[in-house]
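Q:
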Amino acid sequence: MSNIAIRVEDLGKQYRLGEIGTGTLSHDLNRWWSKVRGKEDPFAKVGEVNDRTSKGTSDYVWSLRDVNFEVKAGEVLGIIGRNGAGKSTLLKILSKVTAPTTGRIKVQGRIASLLEVGTGFHPDLTGRENVYLNGAILGMSKSEISRKFDEIVDFSGVERYIDTPVKRYSSGMYVRLAFAVSAFLEPEILIVDEVLAVGDAEFQKKCLGRMEDVSRNDGRTILFVSHSMAAVKNICTTGLLMRNGQLAYAGTAAQTVDYYIANFLEFNNAAKVIINKSHRLWEASRAIIYESVEFLNAFENNCYSIQDDILLLLKIRSSIDSQAFRIAFSVFKIDETPVGTFFSNEIFSIKKGETSEIELVVKNHQLAKGQYYLSFSIGVGDETTGITDYDIIEQTLFFEIMYTDSLREKMITLWEPVFGNINFQNIGLKQK
Amino acid sequence: MQTTDALNHTEPASTIPATNKEWTEVIEPKTNLLDLRLGDVWRYRDLVMMFVRRDFVSTYKQTILGPLWFFIQPLLTTITFIIVFGQVARLSTDGLPQVVFYLAGVTVWSYFAATLTTVSTVFVANAAIFGKVYFPRLTMPVSIVISNMVRFLIQFGLFLVIWLFYVVRGGTTIQPNWVIALTPVLLIIMGLMSLGLGMIFSALTTKYRDLAMLLTFGIQLLMYATPVIYPLSSITGEIKGISYKTIILANPMSAIVETFRYGFLGSGAFNWSYLGYSAAFTVAILIIGTIIFNKVEKSFTDTV
Chain P
1 MSNIAIRVED LGKQYRLGEI GTGTLSHDLN RWWSKVRGKE DPFAKVGEVN DRTSKGTSDY
61 VWSLRDVNFE VKAGEVLGII GRNGAGKSTL LKILSKVTAP TTGRIKVQGR IASLLEVGTG
121 FHPDLTGREN VYLNGAILGM SKSEISRKFD EIVDFSGVER YIDTPVKRYS SGMYVRLAFA
181 VSAFLEPEIL IVDEVLAVGD AEFQKKCLGR MEDVSRNDGR TILFVSHSMA AVKNICTTGL
241 LMRNGQLAYA GTAAQTVDYY IANFLEFNNA AKVIINKSHR LWEASRAIIY ESVEFLNAFE
301 NNCYSIQDDI LLLLKIRSSI DSQAFRIAFS VFKIDETPVG TFFSNEIFSI KKGETSEIEL
361 VVKNHQLAKG QYYLSFSIGV GDETTGITDY DIIEQTLFFE IMYTDSLREK MITLWEPVFG
421 NINFQNIGLK QK
Chain W
1 MQTTDALNHT EPASTIPATN KEWTEVIEPK TNLLDLRLGD VWRYRDLVMM FVRRDFVSTY
61 KQTILGPLWF FIQPLLTTIT FIIVFGQVAR LSTDGLPQVV FYLAGVTVWS YFAATLTTVS
121 TVFVANAAIF GKVYFPRLTM PVSIVISNMV RFLIQFGLFL VIWLFYVVRG GTTIQPNWVI
181 ALTPVLLIIM GLMSLGLGMI FSALTTKYRD LAMLLTFGIQ LLMYATPVIY PLSSITGEIK
241 GISYKTIILA NPMSAIVETF RYGFLGSGAF NWSYLGYSAA FTVAILIIGT IIFNKVEKSF
301 TDTV
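Top to bottom, those sequences are chains P and W. So the first sequence is numbered by this note's numbering: it starts at 1 and just counts up by one. So the second sequence is numbered by this note's numbering: it starts at 1 and just counts up by one.
(1) Of all the residues that make up the stretch 122-137 of chain P, which are near chain W by a beta-carbon distance shorter than 8 Å?
(2) Under 8 Å, do W:P231 and W:S267 count as touching if we go by C-beta distance?
(3) From the DSSP output, in three-state form, read off P:A250 for me.
(4) For P:F496, count the other beta carbons within 10 Å of its own beta carbon; 16 or more makes it buried, fewer makes it exposed. Which is it?
(5) Give the C-beta separation of P:T396 and P:I275 to the nearest angstrom, bearing in mind that I take them to be a contact with Cβ-Cβ under 8 Å.
(6) Considering only the beta carbon of each residue, do P:Q366 and P:F419 sit closer than 8 Å?
(7) Taking the straight line between their C-alpha atoms, what separation do you get for P:T252 and P:V293?
(8) Considering just the uninterrupted stretch of the beta strand (DSSP E) at P:W62, what are its terminal residues?
(9) When you compare only the Cα positions, how much space is there between P:S34 and P:D28?
(10) Does the Cβ of P:I235 have 16 or more other Cβ atoms within 10 Å, making it buried, or fewer, making it exposed?
(11) Going by the beta-carbon positions, is the gap between P:L91 and P:D193 smaller than 8 Å?
(12) Which residue from P:I288, P:T126, P:L374 puts its Cα closest to that of P:D389?
(13) Quick one, which residues of the stretch 88-110 of chain P are near chain W if we go by CB-CB under 9 Å, in chain order?
(14) Grouping DSSP H, G and I as helix and E and B as strand, with all else coil, what is W:S194?
(15) If I follow the unbroken alpha helix (DSSP H) through W:I285, where does it start and stop?
(16) Buried or exposed for P:V117, going by 16 or more other Cβ atoms inside 10 Å?
(17) Using DSSP with H/G/I as helix, E/B as strand and the rest coil, what is P:T53?
(18) Express the C-alpha separation of W:V48 and W:I229 in angstroms, rounding to a whole number.
(19) Please report the distance separating the alpha-carbon of P:L222 from that of P:R216.
(20) If I measure Cβ to Cβ from W:I16 and keep anything under 8 Å in the same chain, skipping five residues before and after, which residues do I get?
(21) In chain P, which residues lie less than 9 Å from W:E258 when you measure between Cβ atoms?
(22) With a cut-off of 8 Å, do at least 3 Cβ pairs link the stretch 102-116 of chain P to the stretch 94-111 of chain W?
(23) From P:V339 to P:G245, what does the alpha carbon distance come to, in whole angstroms?
(24) Can you pull the chain W neighbours of P:K142, defined as C-beta to C-beta under 7 Å?
(25) In this structure, does DSSP put P:K45 in helix, strand or coil?
(26) At the 8 Å Cβ level, is W:T301 part of the contact set with chain P, yes or no?
(27) Please report whether the beta-carbon of P:L177 lies at a distance below 8 Å from any beta-carbon of chain W.
(28) Between which two residues does the alpha helix (DSSP H) containing W:D46 stretch?
(29) Kindly list, in the order they appear in chain W, the residues whose Cβ is closer than 7 Å to that of P:T119.
(30) Between W:Y244 and the rest of its own chain, which residues show a CB-CB distance below 8 Å, the 5 nearest in sequence each way excluded?
(31) Are the CB atoms of W:I200 and P:T119 within a distance shorter than 8 Å?
(32) Which two residues bound the contiguous beta strand (DSSP E) that contains P:Q14?
(33) Apart from the five residues just before and just after P:N297, which ones in its own chain have a Cβ nearer than 8 Å to its Cβ?
(34) From what residue to what residue does the beta strand (DSSP E) around P:T221 run?
(35) Residue range of the beta strand (DSSP E) that P:D389 falls in?
(36) Would you check if there are 3 or more beta carbon pairs closer than 8 Å linking the stretch 60-78 of chain P to the stretch 154-166 of chain P?
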């Protein structure tokens, strides 16, 4: 007997884009006619790889294509990737909620999936009735649920309300009870999707703990889809990175998370960037130019914590004499959304033909977790006098806000109240 | 670094089970049309009973009259029929007391109509649950048939009470006979017929919502093509050589209603061939329904 729990072979899933409406019947007839004549499905070949940012030429799209991988029994596999990378589709097929278009999945053992907690909960039924109903939907027999009932109620901590209809529950209580039922499933393979994003911090911890218990002590196979890199790194043994419906990387959980951080979205993890033509997307006089920009306190892969100051060194060169000019920088999210801008006063000076260095410290930035990049400009003037930019450089340094502490041990899993109160008032500037 | 390409080529042959038999399950795009997984439904029988219970508890929670509604529905319908068809239109009831005559028809018909209507919306109504977790989808329609059957039995009890009243009091043409023994058979045929038809409609409705509209008033119209408010014996005349009676009998529900009335009231048309036709129709529709339902359940989440 092999020790492989799941084997995915050439898996593909095609979706039709746009509205399903008047075209449906004619396409169906067309398909049927091809089938009768023994030809291929005329709409099956036209699909293309799923890249939602570029407009495709076809109405059909492959949200999964040629996916192959294996999961060994007892493995905890973390699946990561951007939204739309095909993670959820993969889980849906694994949970048999929808069928694949091509390929097959071979499974060894009973699968239970948690794409959502509390599926089938009926608001009018009491907590007790819902535990039985939800348990049965998830595949437990009545006697199995009765046997675990006390444990489930104990885990959820809503004992007092167990005979009250769940519509009277607070949303927290509802989720606790729902998760508790799922937590006591005993399948050989458990599929979990983002259910940990619910409940308060204490309960989240309890859930994560329960998942670890299940995998380590009971030796079950778990497939875990999450946006939380920290959770994947902590819980999972192996990882899978998906991009545009295909596998981009497979390895240990730590390797996969590192690969994601280092390579995703053209994220450039260089700590120093020499400025060249590719950064200069805008026309400017280039009287004073940037030569290079760098992180002085760069950490591995430019990953900062929310407590770190960000230290920058900007090298500039001038072909004019200037007594007063300013610098500015802007922070963009990796998807090019501007986040914030800082303009200095005209406090710098430089002589013709000289080079100079400017040190810049961003203290207490309060950026939310995520990936960012920096663009810079150098110039004179303001809105009333008219702005003249000598040089504008874009998409230079990339960095990620990832940890909660400056030792960079704890990744951000919870939202902090300071997120988004972006603070570029507290900037230190020094010309050398 | 291990990439997708590497994965494709690292297939140590020794770990591959020799046959598919060693896998508990293989998830594939298409399965055999006749692979109905009825065993799965049996394994989930606790769930079926849970759904039945949920239907009952949730329907009458927070109502003042509670389960009394089971009686109010057929009684009010019967009263309406007595007024409209009995008093105003003066349709024949074969000389039977109108209350028993209409109540017999209403009780039988409403079981069929309610089951068919609910089963036909199974996919659309349960899209949220079906989209999140797998359990044999057939459990849902089966549970609907069962919970409607329980409802029928309660309403049938009401019918029995009123019927006994007339039988004991005497003075009517009511003549119960051995055909009463066929009642369970009628119930099973009706349950399976509505299940089969409902599954066909539910499967097609996932793609073509038009059918849902069609069904709602289709059932209403079908009642008039079934001897619910009139006895089959009152139908005469023909169109282009085909008698109206044949047309009414082509409706497989007609034989059921007529047989039911014949058994309890002694008037109506009982004929083995009529009943045999209904049974054959049911078997055919049930097989077709199950196959279509199973085909659609695999991918309906993409179209619903």
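Ideal Cβ positions, reconstructed from N, Cα and C, are used throughout, including at glycine. In this text, all values refer to a predicted model and were calculated from it rather than measured experimentally.
A: In brief:
(1) H122, D124, L125, E129, Y132, L133, A136, I137
(2) Here residue 231 of chain W refers to the residue found at position 231 when the second sequence is read from its first residue. Here residue 267 of chain W refers to the residue found at position 267 when the second sequence is read from its first residue. Taking 8 Å as the Cβ cut-off, W:P231 and W:S267 qualify as a contacting pair.
(3) Counted from its first residue, the first sequence places residue 250 of chain P at position 250. Strand, per DSSP.
(4) Chain P is shown only over 1 to 432; residue 496 of chain P falls outside these bounds and no answer can be derived.
(5) The residue labelled residue 396 of chain P in the question sits at position 396 within the first sequence. The residue labelled residue 275 of chain P in the question sits at position 275 within the first sequence. About 7 Å separates the CB atoms of P:T396 and P:I275; that is less than 8 Å, so the two are in contact.
(6) For the purposes of this step, residue 366 of chain P is identified with residue 366 of the first sequence, where counting begins at 1. For the purposes of this step, residue 419 of chain P is identified with residue 419 of the first sequence, where counting begins at 1. Result yes, Cβ atoms of P:Q366 and P:F419 sit closer than 8 Å.
(7) The count along the first sequence starts at 1 and reaches residue 252 of chain P at position 252. The count along the first sequence starts at 1 and reaches residue 293 of chain P at position 293. About 34 Å.
(8) Start at 1 with the first residue of the first sequence, and residue 62 of chain P comes out as number 62. P:W62 -> beta strand (DSSP E) spans 60-72.
(9) What you label residue 34 of chain P is simply residue 34 of the first sequence in a count that begins at 1. What you label residue 28 of chain P is simply residue 28 of the first sequence in a count that begins at 1. P:S34 and P:D28 have their alpha carbons spaced roughly 10 Å apart.
(10) As a position in the first sequence, residue 235 of chain P is number 235, starting the count at 1. By the 10 Å Cβ count, P:I235 comes out buried.
(11) Locating residue 91 of chain P in the first sequence gives position 91, where the first residue counts as 1. Locating residue 193 of chain P in the first sequence gives position 193, where the first residue counts as 1. Yes; because the gap between Cβ atoms is below 8 Å, this pair is in contact.
(12) Numbered from 1 along the first sequence, position 389 holds the residue referred to as residue 389 of chain P. Checked all of P:I288, P:T126, P:L374; the closest Cα to P:D389 is P:I288.
(13) K92, I93, L94, S95, K96, V97, T98, A99, P100, T101, T102, G103, R104, I105, K106, V107, Q108, G109, R110
(14) Position 194 of the second sequence, counting from 1, holds the residue named residue 194 of chain W. Of the three classes helix, strand and coil, the one that applies to W:S194 here is helix, per DSSP.
(15) For this step, residue 285 of chain W is matched to residue 285 along the second sequence. Note, W:I285: alpha helix (DSSP H), 272-297.
(16) Taking the first sequence and counting its residues from 1, one reaches residue 117 of chain P at position 117. Label assigned to P:V117: buried.
(17) Taking the first sequence and counting its residues from 1, the one referred to as residue 53 of chain P is at position 53. Note on P:T53: pLDDT 45, under 50, position unreliable in the model; the coordinate value appears next. Looking at P:T53 - three-state DSSP - the assignment turns out to be coil, as it is neither helix nor strand.
(18) Translated into the one-based positions of the second sequence, residue 229 of chain W becomes position 229. Translated into the one-based positions of the second sequence, residue 48 of chain W becomes position 48. Here the alpha carbons of W:V48 and W:I229 stand approximately 34 Å from one another.
(19) Within the first sequence, the letter at position 222 stands for residue 222 of chain P. Within the first sequence, the letter at position 216 stands for residue 216 of chain P. Just to set this straight, residue 222 of chain P is Ile in the shown sequence, not Leu. Cα to Cα, the separation comes out at about 10 Å.
(20) In the second sequence, residue 16 of chain W corresponds to position 16, counting from 1. Annotation note: pLDDT 43 at W:I16 (below 50); position unreliable, coordinate value reported separately. Closer than 8 Å at the Cβ level, and outside the excluded window around W:I16, lies no residue.
(21) Start at 1 with the first residue of the second sequence, and residue 258 of chain W comes out as number 258. Here the premise fails: no neighbours, minimum Cβ distance about 39 Å.
(22) In the pairwise beta carbon analysis, the stretch 102-116 of chain P is classified as not touching the stretch 94-111 of chain W: fewer than three pairs are separated by under 8 Å.
(23) Against the first sequence, residue 339 of chain P aligns to sequence position 339. Against the first sequence, residue 245 of chain P aligns to sequence position 245. Those two C-alpha atoms are separated by around 29 Å.
(24) Residue 142 of chain P sits at position 142 when you count from the first residue of the first sequence. Near P:K142 (Cβ distances below 7 Å), the residues of chain W are D46.
(25) Here residue 45 of chain P corresponds to residue number 45 of the first sequence, with the count starting at 1. Only weak support is given to the placement of P:K45: the predicted model assigns it a pLDDT of 49, under 50, and the question is left unresolved by the model.
(26) Position 301 of the second sequence holds residue 301 of chain W. Closer than 8 Å: yes.
(27) Within the first sequence, numbered from 1, the residue matching residue 177 of chain P stands at position 177. No - not a single Cβ of chain W is within 8 Å of the one on P:L177.
(28) Position 46 of the second sequence holds residue 46 of chain W. Where W:D46 is concerned, the enclosing alpha helix (DSSP H) stretches over 45-60.
(29) Residue numbering aside, residue 119 of chain P sits at position 119 when the first sequence is read from its first letter. The answer, in chain order, is I129, K132, V133.
(30) As a working mapping, residue 244 of chain W is identified with position 244 in the second sequence. Take W:Y244, set aside five residues on each side of it, and the residues of its chain with a beta-carbon closer than 8 Å to its own are I235, T236, G237, E238, in chain order.
(31) The residue you call residue 119 of chain P lines up with position 119 of the first sequence. The residue you call residue 200 of chain W lines up with position 200 of the second sequence. At least 8 Å separates the beta-carbon of P:T119 from that of W:I200.
(32) For this step, residue 14 of chain P is matched to residue 14 along the first sequence. It spans 4-16 - the beta strand (DSSP E) in which P:Q14 sits, taken as one unbroken run.
(33) Numbered from its first residue, the first sequence carries residue 297 of chain P at position 297. Only D308, D309, I310, L311 meet the Cβ criterion.
(34) As a position in the first sequence, residue 221 of chain P is number 221, starting the count at 1. Its beta strand (DSSP E) spans residues 221-225.
(35) Walking along the first sequence from the start, residue 389 of chain P turns up at place 389. For P:D389, the enclosing beta strand (DSSP E) starts and ends at 388-393.
(36) no
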